[in-house]
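Take a look at the structure set out below.
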Amino acid sequence: MPSPEAAPALPRRLGLGDAVFIGLGSMIGAGIFAAFVPAAQAAGAGLLVGLVIAAIVAFCNATSSAQLAAAYPTSGGTYVYGREQLGEWWGFLAGWSFVVGKTASCAAMALTFAAYAVPAAWGKPVAIAAVIVLVAVNYRGVTRTAMLIRILVVIVLAVLVVVVAAGTSVARVGIDPFADLTGRGWYGVLQSAGLLFFAFAGYARIATMGEEVQNPARTIPRAIVIALSLTVVIYATIAVVLLGSLGSAALGVSMAPLGAVVQASGWSWAGSLVTVGAAAACLGALLGLIAGVGRTTLAMAREGDLPRRLAAVHPRFGVPHRAEVTLAVMVCLIILIADVRGAIGFSSFGVLLYYLVANLAAFNQGAHQRRYPRIIPVLGVVGCIALVVTLPLTAVATGVGILALGVAYRAIRLRRERSMHLRA
15 MPSPEAAPAL PRRLGLGDAV FIGLGSMIGA GIFAAFVPAA QAAGAGLLVG LVIAAIVAFC
75 NATSSAQLAA AYPTSGGTYV YGREQLGEWW GFLAGWSFVV GKTASCAAMA LTFAAYAVPA
135 AWGKPVAIAA VIVLVAVNYR GVTRTAMLIR ILVVIVLAVL VVVVAAGTSV ARVGIDPFAD
195 LTGRGWYGVL QSAGLLFFAF AGYARIATMG EEVQNPARTI PRAIVIALSL TVVIYATIAV
255 VLLGSLGSAA LGVSMAPLGA VVQASGWSWA GSLVTVGAAA ACLGALLGLI AGVGRTTLAM
315 AREGDLPRRL AAVHPRFGVP HRAEVTLAVM VCLIILIADV RGAIGFSSFG VLLYYLVANL
375 AAFNQGAHQR RYPRIIPVLG VVGCIALVVT LPLTAVATGV GILALGVAYR AIRLRRERSM
435 HLRA
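When the letters of the sequence shown are read in order and numbered with the numbering used here, they come out as residues 15 to 438.
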């Protein structure tokens, strides 16, 4: 294993505002334009309860991540936390889940962007082009990434303000957004929570970039809490507006619910703004994903859990350029061969496993490192398991299969290394 001096450090260029915007850009993504529809199908107005459950689980995960990030302010997120607190295999499971799951999520975001931006026939070429352009942005340096994410987040928030204003003006008499919150049963509510949870998962991107954040022990916990709190308020506001304007039945069958709100209000001119906002949201989430996956790949490559060549840091731009180019190739391949639904299902499985390891690692920290009560990671573990059971069986089976391939790869590598050591 190379010495620490052989692994170039990433420059610390991101302040609190940059970290918050990276988190917002990753959380306020395609989910706010699409996740409410399947959530309404599962739970009706009960999606509001599901949103609360998802937010509670996300808060537990966020506090665990913040506590761990303060103790280990380096790139890699839960991959590093798992290794340090639970052992190398736990860290590997977290890192592998994140890299593979979020690579699939990158493909899903790119395809969603293309679906909003161009006709269906151009979807895959435009999705691939978006990946190439955004990887090029990351390649040029993290400060450019943070600047572009700020711009995209501002565009999305401006569009959401228009949607809220339109929805408030068209809210129908007799539609109570808080009626029949559990009428479809608690399984439906939990299923909606599982669908909505992944809108909050972007705070992990802040932790995975810990090596590039200024004063990380203070900045990362604050950025995670601020970004998550703002996202919860935004999602809750949009959920109430959608239910109050369309009703749960209409929301559950709408292809573009935010667009339906502005159309129902008579603000037809705002329809194109919603399209722009959806495209910007997908780009912001994709950009944050590319940065986060690249840094976790860097951390795993440093430890030899992925090819060590991927640990290279560009001498001029200070980014893990080989990791990001490899990521771009893999994402483009997934775009060519996979559909959005399959990619999202596996990504969801990977994200929950990732945070399960994070909560276990936080629970295992000593008293001198603990910032929050131990009951919080316990609730996080329970919440992650509860949401996993709402995922489709095919997504879980695919996730287990790909995780098994990763475990087999690492086991073979370790066996070969031991064999070479014995021969020496």
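Every residue, glycine too, gets a C-beta built ideally from N, C-alpha and C.
Rounded Cβ spacing between residue i and residue j (contact assumed at less than 8 Å)
i	j	result
Ala108	Tyr93	5 Å
Leu300	Val288	That pair is no contact at about 19 Å.
Val149	Val421	Contact doesn't hold; Cβ gap of about 28 Å is too wide.
Ala237	Ala33	4 Å
Ala250	Ala49	Ala250 to Ala49, Cβ: 13 Å. No contact.
Ile169	Val276	About 16 Å; that fails the 8 Å criterion.
Gln205	Leu28	About 36 Å; that fails the 8 Å criterion.
Ala375	Gly96	5 Å
Trp281	Ala122	Not quite, the Cβ-Cβ distance comes to about 29 Å (not below 8 Å), so this is no contact.
Contacting residues, own chain, Cβ-Cβ under 6 Å from residue i (five flanking each side not counted)
i	result
Ala144	Ala124 and Phe127
Ser183	Ser279
Ala292	Phe47 and Tyr130
Ala54	Leu61, Ser262, Leu265 and Gly266
Ile399	none
Pro235	Ala80 and Ala84
Leu209	Ala49, Pro52 and Ala53
Beta-carbon proximity list for residue i, same chain, < 7 Å, skipping 5 on both sides
i	result
Val175	none
Leu320	Thr311 and Met314
Tyr153	Phe331, Val333, His335 and Glu338
Gly394	Val71, Cys74, Asn75, Ser78, Tyr369 and Asn373
Ala440	The chain is shown from 15 up to 438; residue 440 falls before or after that span and cannot be answered.
Val365	Gly115, Phe212 and Ala215
Ile304	Cys120, Leu148, Val149, Asn152, Glu338 and Leu341
Ser111	Gly364, Leu367, Tyr368 and Leu417
Arg164	Phe35
Residue i burial status per 10 Å Cβ neighbour count (16 or more: buried)
i	result
Pro387	exposed
Met434	exposed
Glu509	For the chain, the structure presents residues 15 to 438; residue 509 sits outside this window and is missing.
Ala80	buried
Gly415	exposed
Tyr201	exposed
Pro391	buried
Trp283	exposed
Leu350	exposed
Val187	Any answer about Val187 is weak, because its pLDDT of 49 lies below 50 and its placement is not dependable; what the coordinates show is given next. Looking at its Cβ environment, which holds fewer than 16 other Cβ atoms inside 10 Å, Val187 is exposed.
Glu317	buried
Ala325	buried
Ser286	exposed
Ala135	exposed
Gly31	exposed
Pro329	exposed
Gly256	Looking at the sequence shown, residue 256 is not Gly but Leu. Per the 10 Å Cβ criterion, buried.
Val247	exposed
Ser348	The displayed chain sequence assigns Ile, not Ser, to residue 348. Counting Cβ neighbours within 10 Å, Ile348 comes out buried, since at least 16 surround it.
Leu436	exposed
Ala20	With a pLDDT of 49 at Ala20, under the threshold of 50, the modelled position of this residue cannot be trusted; read the value that follows with caution. Exposed: under 16 other Cβ atoms inside 10 Å.
Ile36	buried
Val343	exposed
Ile426	exposed
Val345	buried
Ala172	exposed
Ile146	exposed
Start-to-end residues for the alpha helix (DSSP H) that takes in residue i
i	result
Ala80	Leu61 to Ala85
Arg388	Taken as a continuous stretch (DSSP letters only), Arg388 belongs to no alpha helix (DSSP H), as it is neither H nor E.
Val147	Gly137 to Tyr153
Thr126	Glu102 to Ala131
Phe211	Trp200 to Phe211
Val288	Gly285 to Arg316
Glu338	His335 to Ile351
Ala425	Leu407 to Arg437
Gly9	Because the chain is modelled from 15 through 438, residue 9 falls outside the range shown and cannot be assessed.
Arg323	Looking at the DSSP string, Arg323 is not in any alpha helix (DSSP H), and its letter there is neither H nor E.
Gly261	Pro230 to Val267
Gly280	Careful: Gly280 lies outside any alpha helix (DSSP H) and carries neither H nor E.
Leu55	This sequence places Gln at residue 55; Leu is not what is there. That run of the alpha helix (DSSP H) goes Phe50 to Ala57.
Glu98	Thr92 to Gln99
Nonlocal neighbours in the same chain, by C-beta distance under 8 Å from residue i, ignoring five residues either side
i	result
Gly308	Asn152, Val333, Pro334, Ala337, Glu338 and Leu341
Gln379	Gln81, Leu82, Ala85 and Gln99
Phe360	Val114, Gly115, Ala118, Ala409, Thr412, Gly413 and Ile416
Ser268	Val51, Leu260 and Ala274
Val132	Val140
Gly199	none
* Asked: Is the stretch 307 to 317 in contact with the stretch 100 to 119, if contact means three or more CB pairs nearer than 8 Å?
  -> yes
* **Three-pair Cβ contact test at 8 Å for the stretch 225 to 245 versus the stretch 51 to 60** => no
* Contact between the stretch 356 to 370 and the stretch 404 to 418 (3+ Cβ pairs under 8 Å) -> yes
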